[in-house]
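The next block holds one structure in the form of structure tokens; read it before the comments.
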Amino acid sequence: MNFLSNSNTVHVEVRLHRCEQRMQTLQAEIEPQLDAYLKSLKTLRWNLAFDASTHIPAIQSILLEKDNGENGIVKLDNRLKFRYHYYMTQRPELRSGGGFFDGEGDVNADDLDSVISANHVLLPASEFVGLWDNLIYEEGLKEKLLKFALSALSFSQHNVDSNVIACNRLLLLHGPPGTGKTSLCKALAQKLAVRTQKMYAYTHLVEINSHSLFSKWFSESGKLVARLFGKIGELVADKNNLVCVLIDEVESLAYQRSAMSSNEPRDAMRVVNAVLTQLDDIKACSNVLILATSNLAHSIDLAFLDRADIRQYIGLPAISAIVSIYKSMLTELMVRGIVQTEPLEKGQEDSEDLISSLAERSVGLSGRTLRKLPLLAHAQHTSRDLFEVDQKITLSDFLDAMLLSLEQLLAEKRHLKLETYTQEMA
Numbered sequence: 001m002n003f004l005s006n007s008n009t010v011h012v013e014v015r016l017h018r019c020e021q022r023m024q025t026l027q028a029e030i031e032p033q034l035d036a037y038l039k040s041l042k043t044l045r046w047n048l049a050f051d052a053s054t055h056i057p058a059i060q061s062i063l064l065e066k067d068n069g070e071n072g073i074v075k076l077d078n079r080l081k082f083r084y085h086y087y088m089t090q091r092p093e094l095r096s097g098g099g100f101f102d103g104e105g106d107v108n109a110d111d112l113d114s115v116i117s118a119n120h121v122l123l124p125a126s127e128f129v130g131l132w133d134n135l136i137y138e139e140g141l142k143e144k145l146l147k148f149a150l151s152a153l154s155f156s157q158h159n160v161d162s163n164v165i166a167c168n169r170l171l172l173l174h175g176p177p178g179t180g181k182t183s184l185c186k187a188l189a190q191k192l193a194v195r196t197q198k199m200y201a202y203t204h205l206v207e208i209n210s211h212s213l214f215s216k217w218f219s220e221s222g223k224l225v226a227r228l229f230g231k232i233g234e235l236v237a238d239k240n241n242l243v244c245v246l247i248d249e250v251e252s253l254a255y256q257r258s259a260m261s262s263n264e265p266r267d268a269m270r271v272v273n274a275v276l277t278q279l280d281d282i283k284a285c286s287n288v289l290i291l292a293t294s295n296l297a298h299s300i301d302l303a304f305l306d307r308a309d310i311r312q313y314i315g316l317p318a319i320s321a322i323v324s325i326y327k328s329m330l331t332e333l334m335v336r337g338i339v340q341t342e343p344l345e346k347g348q349e350d351s352e353d354l355i356s357s358l359a360e361r362s363v364g365l366s367g368r369t370l371r372k373l374p375l376l377a378h379a380q381h382t383s384r385d386l387f388e389v390d391q392k393i394t395l396s397d398f399l400d401a402m403l404l405s406l407e408q409l410l411a412e413k414r415h416l417k418l419e420t421y422t423q424e425m426a
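Under UniProt numbering, residues 1 to 426 are what the sequence shown spells out, in order.
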């Protein structure tokens with residue numbers, strides 16, 4: 001199965017309404033209508049899902065993407081080739097929770113078997129719909145990671161000998177907190193679930209609860225790691241499954257052994273050894289992908305770093321990304337009826353100047369912090385009677401409120417930094 005494509009390929013992700021009809025039957029009915037509909041459009045817009053249910057009732061949304069991460073609106077080109085990816089989100093009862101990874105046996109405070117070591121989600125999941133589109137980074141970064149994952153799976157499908165060409169299918173995202181590393185891993189797993197449905201009937205996301213693997217019983221953590229990967233192995237044994245394993249804050253499981261002092265518990269070293277052993281064992285399976293994140297890459301054991309096929313730094317957003325984040329948040333508030341609908345495109349000098357000023361003052365803040373600003377602005381700096389009269393806020397007023405909230409947030413950050421410095425000097 002070839003997961004990759006050429007430069008003229010347009011990936012068309014078609015989200016269908018849940019129904020009991022077989023997917024293949026539904027596809028055969030829909031595709032001629034969908035092909036005709038897309039070719040009737042004068043322009044195409046990349047990376048923005050849109051509703052096509054008025055034309056084809058079975059379709060919930062359509063998303064068009066190019067492999068290079070291209071954005072914006074383009075005229076329809078006859079050289080473009082549509083590659084369709086149809087999917088339905090999984091039933092609600094299959095979406096979340098420990099489930100397969102719940103503790104076994106009698107659950108009590110002293111029972112090793114009661115530890116829930118991972119969360120298990122069957123993909124595509126409705127809570128991850130739109131996550132990929134709303135994560136904003138430098139152009140091409142997300143697509144680079146997606147291409148790597150698809151290439152790694154393609155090598156596995158072709159049985160490339162890993163003794164000749166190294167391919168551990170291990171991806172590490174590292175960088176400061178709040179930059180969306182964990183969300184990007186989840187979004188990547190969701191994207192793979194959509195793009196590889198012709199090869200894998202099911203895609204599982206297993207999110208390892210790193211802290212639960214450090215047992216309160218001396219020397220038991222290594223056993224918990226082995227037991228967890230044994231459970232993952234049961235999923236991987238079915239070749240119809242694609243299993244994405246997410247290890248968040250991997251430094252807690254793969255702390256650099258050379259930096260461990262003689263006073264640290266030997267259990268910590270056993271955990272690192274166990275994790276490395278399990279990773280070496282599971283790479284023999286072609287249908288598993290390991291996604292790891294870290295805020296402290298320098299503290300990760302070198303043997304783990306060496307196993308990572310790709311180590312991608314996820315930094316704080318650049319000013320262009322900040323502008324895009326602000327525009328996406330303002331658009332959401334307009335759609336939801338909180339802020340008056342006003343154009344945000346270039347040429348609207350007043351709003352452009354305000355957004356640019358806001359973005360310039362926001363350089364150095366994480367995406368997580370930026371996404372808190374609209375709520376803070378609404379709570380602290382808008383009229384108290386808005387809720388009662390259901391009155392929408394003008395864009396300029398809301399941008400002024402966001403700027404005030406930003407200044408307050410920056411002041412608090414300076415105070416916290418000064419307080420920390422004073423404590424260190426005391």
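We treat Cβ as the ideally placed atom computed from N, Cα and C, and that holds for glycine.
Rounded distance between the beta-carbons of residue j and residue i, thought under 8 Å
i: ASN287; j: LYS239; result: 6 Å
i: TRP132; j: GLN190; result: 7 Å
i: PRO176; j: ASN295; result: 7 Å
i: VAL121; j: LEU205; result: 4 Å
i: ILE59; j: LEU16; result: 6 Å
i: VAL271; j: LEU253; result: 6 Å
CB contact flag (residue i, residue j, <8 Å)
i: ASP302; j: LEU170; result: Per the sequence presented here, residue 302 reads as Leu, with Asp not at that position. Contact: no.
i: LEU135; j: LEU184; result: yes
i: VAL339; j: PHE398; result: yes
i: LEU373; j: MET334; result: no
i: GLU234; j: ASN119; result: no
i: TYR202; j: ASN168; result: no
Enclosing alpha helix (DSSP H) for residue i [first to last residue]
i: ILE319; result: 319-335
i: ILE415; result: For the record, residue 415 in the displayed sequence is His; it is not Ile. HIS415 -> alpha helix (DSSP H) spans 395-425.
i: ASN134; result: 131-134
i: residue 454; result: There is simply no residue 454 to check, as the chain begins at 1 and stops at 426 in what is shown.
i: PHE229; result: 221-236
i: GLU143; result: 141-157
i: HIS17; result: Segment: none, HIS17 is in no alpha helix (DSSP H) and carries neither H nor E.
i: LEU376; result: 373-381
Limits of the beta strand (DSSP E) - the one that residue i falls within
i: SER294; result: 288-294
i: GLU65; result: 59-65
i: ARG45; result: 43-46
i: ARG311; result: 310-313
i: LYS203; result: In the sequence as presented, Lys is not what sits at residue 203; that position holds Thr. First-last of the beta strand (DSSP E) with THR203: 202-208.
i: LEU170; result: 170-174
For residue i, three-class secondary structure by DSSP
i: VAL363; result: coil
i: THR25; result: helix
i: CYS244; result: strand
i: ARG368; result: helix
i: ILE165; result: coil
i: VAL339; result: strand
i: ILE355; result: helix
i: ILE56; result: coil
i: TYR37; result: helix
i: ARG91; result: coil
i: ASN108; result: Per-residue confidence for ASN108 stands at a pLDDT of 47, beneath the threshold of 50, marking its modelled position as unreliable; the derived number appears in the next sentence. Here ASN108 sits in coil by DSSP.
i: CYS285; result: coil
i: ALA125; result: coil
i: ASP51; result: coil
Bridge partner(s) assigned by DSSP for residue i
i: TYR84; result: VAL12
i: GLY72; result: TRP46
i: ASN119; result: GLU207
i: TYR255; result: ILE300
Residue i Cβ short of 7 Å to the ligand HEM heavy atom set
i: LEU403; result: Absence of the ligand HEM from the depicted structure is noted, as is the absence of any ligand whatsoever, leaving it without description.
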